[in-house]
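In terms of the numbering used here, the sequence shown opens at residue 1335 and continues consecutively.
Ideal Cβ placement from N, Cα and C applies to all residues, glycine included.
Heads up, the thing below is written out as structure tokens.
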Amino acid sequence: MDRGSLGVATTVVTLGALFGGLGQGELWLSKSASHGLHWNRAYLLLPVVTATMVGVAVGTWMFASGYGLPLTVAIALLVPMTSVAGVWRYATIATGSSMLPAKSSLWSAVMRLVAIAAMFVVGAMSAWSVLGVQLGGVFLASALVLAPALALDGRPAESGAAPVPAMLGLGERLRGGLAFVVFGALTAVILRVDILAVERYSSPEALGTYAACIALSQSALVLSNVFRNRAQAGIAAGRGRRAITVEVRVMSVMVVLGGSVALIAAPWIASFLLGPGYPDGPEILRSTVVATAFLLFLDFAQGIQIATGKRRALVWAAALGAAVTVTCLLLFVPRFGPVGASFSVACGAGSAASINLWRALRDTARGAQGVSGGSPLASGEPFDGEAL
């Protein structure tokens, strides 16, 4: 198995988990903020069933495409595991906790590092084994850290919160979850379609350099995960506007400082990681660093809208971002190549992030101004941002 197979398999698992999970984790987090609902294990049944079906389907397709039985089995198992881990993470954040998801991410990274090192020593490195370690570590860490915190059904509702139902209506869950699936698909356009444009309009060498620079620069997206989880936990705990503004300010400082260092050090970073023979490496790396800065704010802003239950606004903002990205790609990639692709991603991500942040701050400001009609974002009171 080569690295190409690993890349294809990773993408398949990610998309399979997105569609198989039916947006149930995001829906639960939004309902916790807007309706005061709390975790119930019965809510996990739908994403487990649908993600398992999707895992079997995509695994069968991979096997029929000639990827081999081990990789097929890995994909069929990892799709539902990744979906379950995602639901656990959102449910934990809905309790107001940001430390448990952080601990889960730390344990996952440690497990992956140890397992990959062990496989390298014994000579067991392959596409399916690395894929299993990469994504299986996420599930195992979630099972060890997040699942015990959610062991009890129906945590006691806070004052004024709605009672916890044994099972939310299937139709309601499907309607609400599908909005998040559409949102995820539109966001994937912003994040991934640039590769297709570069492949279509640029040379194989430029595509390889661009892909390597993307992998390097977008590793910084873990930064937005930290601030997004903290803000989502703050929203769930009723500290909405303060949670958003504090995290945005701190993240902005870190993005500016880190981005400035990366822009200055781009020639040395590109030379060290790409090696000689890539004269366009520093320029392409700088462009992907700028695009990643906008993606950081997009990821953070979308997490805020998920927590507040603004499904319609989330989908429309993602649709705008996808449209801007595709339009810019068609205009700039044929002329400017990978740099034009990075610019297009920055434009699409920036437009969607700006709308989401503006709406979140506007809504929390309105909630804070009300004396008796506040929102959970500002005061902790139940808030129905949209019909769910």
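Outcome for residue i when other beta-carbon atoms lying within 10 angstroms are tallied against a minimum of 16
{"i": "R1534", "result": "exposed"}
{"i": "W1692", "result": "exposed"}
{"i": "W1395", "result": "exposed"}
{"i": "P1435", "result": "buried"}
{"i": "R1669", "result": "exposed"}
{"i": "V1587", "result": "exposed"}
{"i": "D1487", "result": "Because the pLDDT of D1487 is 47, which lies under 50, any placement of that residue in the model is unreliable, and the number read from its coordinates should be weighed accordingly. When all chains shown are included, D1487 counts as exposed."}
{"i": "R1645", "result": "buried"}
{"i": "V1589", "result": "buried"}
{"i": "P1292", "result": "Outside the modelled stretch of the chain, which goes from 1335 to 1722, sits residue 1292, for which no answer is possible."}
{"i": "S1428", "result": "It is Ala, not Ser, that sits at residue 1428 in the sequence shown. Answer is buried; the Cβ neighbour count reaches 16."}
{"i": "V1448", "result": "exposed"}
{"i": "L1352", "result": "buried"}
{"i": "A1425", "result": "buried"}
{"i": "L1379", "result": "exposed"}
{"i": "G1470", "result": "buried"}
{"i": "S1399", "result": "exposed"}
{"i": "G1420", "result": "buried"}
{"i": "G1568", "result": "buried"}
{"i": "V1551", "result": "Just to set this straight, residue 1551 is Ser in the shown sequence, not Val. Buried, since its Cβ has 16 or more Cβ neighbours within 10 Å."}
{"i": "G1494", "result": "With a pLDDT of 44 at G1494, under the threshold of 50, the modelled position of this residue cannot be trusted; read the value that follows with caution. So G1494 ends up on the exposed side."}
Same chain, Cβ closer than 8 Å to residue i, neighbours up to 5 away in sequence not counted
{"i": "L1648", "result": "A1513, F1514, F1517, Q1636, Q1639, I1640, N1690"}
{"i": "R1531", "result": "Residue 1531 is actually Ala in this sequence, not Arg. Taken in chain order, the residues that qualify are L1663, L1664, V1667, A1675, S1678."}
{"i": "M1329", "result": "Residue numbering for the chain in the displayed model covers 1335 to 1722; residue 1329 lies beyond these limits and cannot be assessed."}
{"i": "L1555", "result": "T1626, L1629, L1630, D1633"}
{"i": "L1607", "result": "A1546, L1550"}
{"i": "A1543", "result": "Correcting the residue identity first, residue 1543 is Thr in this sequence and not Ala. Result list for T1543: L1608, Y1612, D1614, G1615, I1618, P1672, in chain order."}
Contact test: residue i Cβ vs the ligand NAD heavy atom, cutoff 6 Å
{"i": "A1653", "result": "This structure simply doesn't include the ligand NAD, nor any ligand for that matter."}
Sequence-distant residues of its chain with Cβ nearer than 7 Å to residue i (five each side left out)
{"i": "P1414", "result": "G1354, V1382, A1385, T1386, G1389"}
{"i": "S1653", "result": "In the sequence under discussion, the amino acid at residue 1653 is Ala, which differs from the Ser named in the question. Taken in chain order, the residues that qualify are L1520."}
{"i": "F1397", "result": "L1403, T1406"}
{"i": "L1299", "result": "Because the chain is modelled from 1335 through 1722, residue 1299 falls outside the range shown and cannot be assessed."}
{"i": "S1463", "result": "M1453"}
{"i": "L1361", "result": "R1507, G1510, G1511, F1514"}
{"i": "I1578", "result": "A1565, I1638, A1694, L1695, T1698"}
{"i": "D1528", "result": "L1663, A1675, S1678, V1679"}
{"i": "S1688", "result": "none"}
{"i": "M1433", "result": "none"}
{"i": "S1685", "result": "L1654, G1655, V1658"}
Nonlocal neighbours in the same chain, by C-beta distance under 6 Å from residue i, ignoring five residues either side
{"i": "G1682", "result": "I1524, G1655, V1658, T1659"}
{"i": "A1500", "result": "Legend: pLDDT at A1500 = 41, less than 50; position of this residue unreliable, no value from coordinates given."}
{"i": "C1547", "result": "I1618, L1619, T1622"}
{"i": "L1333", "result": "This structure cannot speak to residue 1333, because the chain is shown only from 1335 to 1722."}
Whether residue i touches residue j by CB criterion (7 Å)
{"i": "V1456", "j": "I1409", "result": "no"}
{"i": "V1392", "j": "G1350", "result": "yes"}
{"i": "S1536", "j": "G1674", "result": "no"}
{"i": "R1562", "j": "F1628", "result": "no"}
{"i": "A1481", "j": "W1422", "result": "yes"}
{"i": "E1581", "j": "A1565", "result": "yes"}
{"i": "G1609", "j": "Q1358", "result": "no"}
{"i": "P1613", "j": "A1604", "result": "no"}
{"i": "V1467", "j": "I1450", "result": "yes"}
Cβ of residue i within 7 Å of any chain D Cβ
{"i": "A1577", "result": "Although the question refers to chain D, the structure presented lacks it and comprises just one protein chain."}
>> To test your reading of the DSSP string, which unbroken alpha helix (DSSP H) runs of 4 or more residues are found completely within the region 1596 to 1652?
In response: 1600 to 1608, 1615 to 1642
>> Would the region 1646 to 1660 count as touching the region 1675 to 1683 if we require 3 or more Cβ pairs under 8 Å?
In response: yes
>> If contact is defined by three or more beta carbon pairs under 8 Å, each pair taking one atom from either stretch, is the region 1610 to 1629 in contact with the region 1587 to 1597?
In response: yes
>> Going residue by residue through the region 1522 to 1594, where are the continuous alpha helix (DSSP H) segments of at least 4 residues, counting only ones entirely within it?
In response: 1538 to 1551, 1556 to 1570
>> In chain order, what are the residue ranges of uninterrupted alpha helix (DSSP H) at least 4 long that sit wholly in the region 1651 to 1705?
In response: Listed in chain order, the complete alpha helix (DSSP H) runs (minimum 4 residues) inside the region 1651 to 1705 are 1672 to 1703.
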